[in-house]
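Numbering (the numbering used here), first residue to last: 1 to 621.
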């Protein structure tokens with residue numbers, strides 16, 4: 001089954017072109033199980049509902065196409081808050097609600113209930129207006145032909161949850177807040193290409209770019225583009241940013257407001273009475289509970305029905321199937337754009353320099369050698385991991401970039417070959433000692449391999465460890481609570497960004513159809529490398545630097561020709577893979593648990609699962 005085929009089926013259902021019988025026939029041909037089909041039908045509401053204007057972002061600045069994008073089953077007028085309590089379960093608990101200071105998906109998702117960007121991105125990679133009145137295009141004059149500017153028109157009459165008006169000044173403030181070096185915003189890479197921002201009136205924002213910018217829609221769009229209120233945060237820019245009460249109790253323009261937040265535990269929300277859309281949201285309250293593990297989350301949503309929605313069910317296929325067989329809820333499976341991967345540390349996690357390990361100036365004693373990294377890649381049984389652990393939740397991939405399809409390289413491959421891996425290590429001078437552990441010049445190959453607490457990840461670790469130890473590499477496994485691992489705390493040595501280990505494993509994904517933001521994960525500029533000087537807010541965790549990659553990245557930032565964009569970014573992916581900065585394992589599909597009577601969801605891989613929570617409803621029956 002190809003994820004592209006499923007995506008196309010989903011699009012046709014949403015467009016109302018297929019009846020129920022045809023959906024079932026097509027789904028069966030694709031090998032989709034009944035729970036998946038039920039989820040698709042529930043999410044799309046049988047093809048009914050309203051419409052709203054959206055625009056397809058074109059990387060070359062071309063015409064925007066209008067397409068229906070609705071949320072079937074949305075609350076009728078006068079039904080605001082009639083749905084009672086909506087219970088959500090994120091087994092990675094949020095720790096901060098300011099998305100521009102956040103590190104993990106859990107925090108962006110929790111913030112998305114309250115805060116909004118100018119636009120968001122639906123499942124078909126199309127822009128949907130949020131705080132914007134319309135999507136800029138060449139036709140409406142919003143996108144400049146030379147790629148040097150974009151003009152956003154804002155919705156009028158929008159107010160923050162405290163009653164203050166939302167204006168263009170808030171957009172400009174958000175940029176100033178993020179770009180301030182002392183703020184150490186985790187989203188700063190999305191805004192570095194801006195030369196200036198004009199606000200000619202309260203409802204117009206003109207963004208001027210330093211160079212032609214094909215990814216103009218990466219700015220103020222999606223989870224990294226949420227707008228901040230100037231009147232609340234003007235005194236908390238720069239060094240004061242992390243001291244703001246807002247980080248725990250944000251003021252937003254979204255459908256809900258925060259009533260209580262216990263970091264690492266739970267967020268309680270209630271209806272934002274100032275929300276602009278009549279009759280929305282349907283639910284009066286939202287509880288986003290955090291913590292636990294993926295298996296217990298799956299049980300709570302699918303088997304017992306204790307919660308309405310459970311995020312990211314990274315659970316063994318056999319466990320998921322057994323829960324569905326007797327469950328109160330369903331497993332919702334949609335095509336994903338994320339890759340579970342092993343990151344290879346190019347710096348030394350054991351040597352300390354000025355209170356910092358994994359320092360850019362201390363090369364790793366053996367992983368700096370390409371032959372060693374190649375041996376690692378050959379020793380990973382990706383097919384076993386995908387088939388035995390992920391099932392419908394993932395499929396093997398040799399690429400770190402798997403979407404959109406036009407950017408997926410056809411020149412990469414993978415194989416499992418312990419014999420070849422051993423030969424590479426032998427030739428590199430890493431030979432087995434009396435105890436079977438490889439060593440060179442008195443340095444033993446003893447690695448620490450870390451990831452989050454998660455049954456699939458722990459079993460993946462065990463598979464990798466067994467193969468590595470056959471090669472003569474000692475492996476110590478380390479499991480870290482997700483709330484710690486993905487924390488933005490600069491003083492926490494166990495975060496993914498600190499990377500005080502030899503290998504680590506997690507998933508992330510592009511948040512834009514022009515995936516240069518995602519590819520910034522390997523841009524080698526020192527400002528982008530996670531380190532003490534930037535409070536470990538840089539995107540490059542591997543401390544990998546490659547001159548060719550950096551040149552391609554800079555070119556892609558300004559390339560307006562679509563075919564050339566594809567060539568540049570595809571080659572960047574190939575460099576990451578062939579130089580083994582990361583070892584891609586599986587392209588993960590999005591597996592969530594949800595109540596059978598929950599509808600209106602549009603689970604887009606390009607943004608937060610909660611991006612359209614204002615449209616979620618509970619149906620009868």
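We put the CB at the ideal spot given by N, CA and C, even for glycine.
Environment of residue i [buried if 16+ CB atoms lie within 10 Å]
i	result
residue 50	For residue 50, the predicted structure reports a pLDDT of 29, less than 50, and the residue's modelled location is therefore unreliable. The matter cannot be settled from this model.
residue 415	exposed
residue 633	Summary: the structure shown does not reach residue 633, with the chain confined to residues 1 through 621, and so no result is reported for it.
residue 498	buried
residue 165	exposed
residue 234	exposed
residue 231	exposed
residue 582	buried
residue 44	Because residue 44 sits at a pLDDT of 42, beneath the cut-off of 50, its placement in the model cannot be relied upon, and the following sentence gives the value as read from the coordinates. When all chains shown are included, residue 44 counts as buried.
residue 443	exposed
residue 431	exposed
residue 526	exposed
residue 589	buried
residue 239	exposed
residue 413	exposed
residue 126	buried
residue 298	buried
residue 95	buried
residue 411	exposed
residue 76	Low confidence applies here, because residue 76 scores a pLDDT of 47, under 50, leaving its location unreliable and the question unanswered by this model.
residue 349	buried
residue 74	Reliability of the predicted coordinates at residue 74 is poor, the pLDDT of 42 falling under 50, and no value is obtained from them.
residue 294	buried
Reference residue i; option with closest CA among the options
i	options	result
residue 341	194, 481, 541 and 130	541
residue 84	140, 207 and 283	283
residue 449	137, 469 and 442	469
residue 451	494, 504 and 552	504
residue 356	248, 142, 535 and 250	535
residue 149	549, 316, 204 and 476	204
residue 225	185, 163 and 258	185
residue 511	140, 157, 315 and 403	403
residue 276	99, 155 and 311	155
residue 417	119, 445 and 378	378
residue 92	99, 105 and 101	105
residue 281	375, 601 and 608	601
residue 190	172, 212, 170 and 217	217
C-beta atoms of residue i and residue j nearer than 8 Å
i	j	result
residue 347	residue 363	yes
residue 611	residue 112	yes
residue 87	residue 308	yes
residue 528	residue 539	yes
residue 223	residue 108	yes
residue 241	residue 183	yes
residue 428	residue 369	yes
residue 249	residue 401	no
residue 603	residue 556	no
residue 141	residue 152	no
residue 486	residue 79	no
residue 339	residue 587	yes
residue 177	residue 194	no
residue 366	residue 90	no
Residues bridged to residue i [DSSP beta-bridge criterion]
i	result
residue 449	477 and 503
residue 152	205
residue 590	334
residue 458	Paired residues: none, contrary to the question.
residue 290	90
residue 508	339
residue 363	347
residue 285	85 and 270
residue 394	588
residue 540	529
residue 260	268
residue 143	150
residue 120	128
residue 438	432
residue 598	618
residue 310	89 and 593
residue 583	342
Contact test: residue i Cβ vs the ligand NAD heavy atom, cutoff 7 Å
i	result
residue 287	Judged by which ligands are present, the structure shown has none, so any question about the ligand NAD falls away.
Does the stretch 377-389 touch the stretch 457-467, meaning 3 or more C-beta pairs lie closer than 8 Å?
-> yes
Does the stretch 254-274 touch the stretch 192-201, meaning 3 or more C-beta pairs lie closer than 8 Å?
-> no
Touch check for the stretch 564-576 and the stretch 319-332: three-plus C-beta pairs under 8 Å?
-> no
Any chance the stretch 151-162 sits against the stretch 241-261, with 3 or more Cβ pairs inside 8 Å?
-> yes
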